[in-house]
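For the sequence shown, numbering that gives the first Met the number 0 assigns the number 0 to the initial residue and increments by one for each residue that follows.
The beta-carbon is built from N, C-alpha and C at its ideal position, and this holds for glycine as well.
The next block holds one structure in the form of structure tokens; read it before the comments.
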Amino acid sequence: MQLPKLYIGPMSKNVVDAALEISNEENIKLGFIPSRRQVAIDGGYVNDWSTESFSEYVNSRLIIQRDHGGPEQGHTSDDGIESIVEDAKHFNIIHIDPWKKTKDLNTGISLTVNLIKRAYAVNPNVLFEVGTEEAIRKFDVDELDYLLRQLQRDLSKDIYDNIKYAVVQSGVGLDLANSKNTGQFSKKRLIKMLDVCKNYGLLSKEHNGDFLNSSQIKSRFDLGLSAINIAPEFGQIETRCYVDNMTENNVEMFYDICYNSGKWKKWVKKDFVPSENKKQLINICGHYVFSTVEFEKIKINVDLQVKKNIKKRIREIYE
0 MQLPKLYIGP MSKNVVDAAL EISNEENIKL GFIPSRRQVA IDGGYVNDWS
50 TESFSEYVNS RLIIQRDHGG PEQGHTSDDG IESIVEDAKH FNIIHIDPWK
100 KTKDLNTGIS LTVNLIKRAY AVNPNVLFEV GTEEAIRKFD VDELDYLLRQ
150 LQRDLSKDIY DNIKYAVVQS GVGLDLANSK NTGQFSKKRL IKMLDVCKNY
200 GLLSKEHNGD FLNSSQIKSR FDLGLSAINI APEFGQIETR CYVDNMTENN
250 VEMFYDICYN SGKWKKWVKK DFVPSENKKQ LINICGHYVF STVEFEKIKI
300 NVDLQVKKNI KKRIREIYE
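See the structure below:
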């Protein structure tokens, strides 16, 4: 299986269709990274796709990897096992991420081992990614080394060999409120983490590649990074396309839908005043409401423009 360099969050049906089209038209290798809130056993906020129906829609045209599979990652509090088992039936790769539930290194490793074994028992061909992004739990280089060493020790060779990616951290994060990549990028830290991955025979993946320019992404690949995830940025591309083409009245209704969803709250500071920053609030969480009945009533047909803009961004990343 040839693995891609870019994994895209399926923020909407338009994002999914744009990725499928450009992959077919220009032979660009891509993957999807649905979170448990976006695509789940009982449907998610993206097109109400279930794990099975999303897999059927993609129909093996692109790789599908569960992003942040594990406990406390879904709509409700759970141990993540039911979701992992379903993922193993339908997806190519599962990101095993118990780190929202625990920050303790050894506990997290034990949970990782158990979840990998549960998925492997269902489908011995499913692949894995381990570790997590900095916003969930920061890993230093020695902790990443310890994580991989313990997994190599606690898993049989057949199972360990199905781990393909380890998440690497370079000090960056996301600010959806201002559509920018934040934090302090550390080239030195990234290089050390890439070396750890190589030592354990794994590919490296960085999360939160949103809003980086093409030269910033290229520099990471030049250092040896294997793959990068980009998700909310594609949702914001589509959101802006709606806002730019809506009447003022519809923009106001779009704001009301977003405001009432409450999805913007975790992305803003305490002094954020929604009524004074309406378009910013829409930009933060518009993609969360695309599939709602309320948005369907005001939705305008800008699908071609949305897909054009998304394809343009994908091309920029591959330049």
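In the DSSP assignment, what residue or residues form a beta bridge with residue 68?
The residue labelled residue 68 in the question sits at position 69 within the sequence shown. Answer is 95.
In its own chain, which residues sit with a C-beta less than 7 Å from the C-beta of residue 21, not counting the 5 before and 5 after it?
Within the sequence shown, the letter at position 22 stands for residue 21. Excluding positions up to five away in sequence, the list reads 27, 310 and 313.
Excluding the five sequence neighbours on either side, which residues of its own chain have a C-beta within less than 8 Å of the C-beta of residue 104, listed in chain order?
Translated into the one-based positions of the sequence shown, residue 104 becomes position 105. Result list for residue 104: 142, 145 and 146, in chain order.
Looking only at C-alpha atoms, which of 238, 245, 266 and 281 sits nearest to residue 255?
Your numbering for residue 255 matches position 256 in the sequence shown. Nearest option by C-alpha distance: 281.
With respect to 6 Å, is the separation between the Cβ of residue 19 and the closest non-hydrogen atom of the ligand MG below this value?
In the structure on display, the ligand MG does not appear, and there are no ligands present to speak of.
Can you say whether residue 132 is buried or exposed, counting buried as having 16 or more other CB atoms within 10 angstroms of its CB?
Taking the sequence shown and counting its residues from 1, the one referred to as residue 132 is at position 133. Looking at its Cβ environment, which holds 16 or more other Cβ atoms inside 10 Å, residue 132 is buried.
Measuring straight from C-alpha to C-alpha, what distance separates residue 101 and residue 249?
Translated into positions along the sequence shown, residue 101 becomes position 102. Translated into positions along the sequence shown, residue 249 becomes position 250. The straight-line gap from Cα to Cα measures roughly 43 Å.
If you measure between the beta carbons of residue 117 and residue 72, is that distance less than 7 Å?
Taking the sequence shown and counting its residues from 1, one reaches residue 117 at position 118. Taking the sequence shown and counting its residues from 1, one reaches residue 72 at position 73. No.
Between 176, 236 and 286, which lies nearest to residue 269 when the distance is taken from Cα to Cα?
Locating residue 269 in the sequence shown gives position 270, counting from the first residue. Of the candidates 176, 236 and 286, the one whose C-alpha sits nearest the C-alpha of residue 269 is 176.
Measure from the alpha carbon of residue 224 to the alpha carbon of each residue in 265, 88, 275 and 189, then state which is nearest.
As a first step, residue 224 is located in the sequence shown; it is residue number 225 there, counting from the start. Among 265, 88, 275 and 189, the Cα nearest to that of residue 224 is on 189.
Rounded to whole angstroms, what is the Cα-Cα separation between residue 1 and residue 229?
Within the sequence shown, residue 1 is the residue found at index 2, counting from 1. Within the sequence shown, residue 229 is the residue found at index 230, counting from 1. One C-alpha to the other measures close to 19 Å.
Out of curiosity, what's the CA-to-CA distance linking residue 274 and residue 239?
Taking the sequence shown and counting its residues from 1, one reaches residue 274 at position 275. Taking the sequence shown and counting its residues from 1, one reaches residue 239 at position 240. Each residue's Cα considered, the two are about 18 Å apart.
Quick check: the region 169 to 186 against the region 120 to 130, are at least 3 beta-carbon pairs closer than 8 Å?
no
Are residue 241 and residue 262 touching if we call contact CB-CB under 7 Å?
Mapped onto the sequence shown, residue 241 falls at position 242. Mapped onto the sequence shown, residue 262 falls at position 263. Result no, Cβ atoms of residue 241 and residue 262 do not sit closer than 7 Å.
Does the region 294 to 301 come close enough to the region 189 to 200 to have 3 or more Cβ pairs within less than 8 Å?
no
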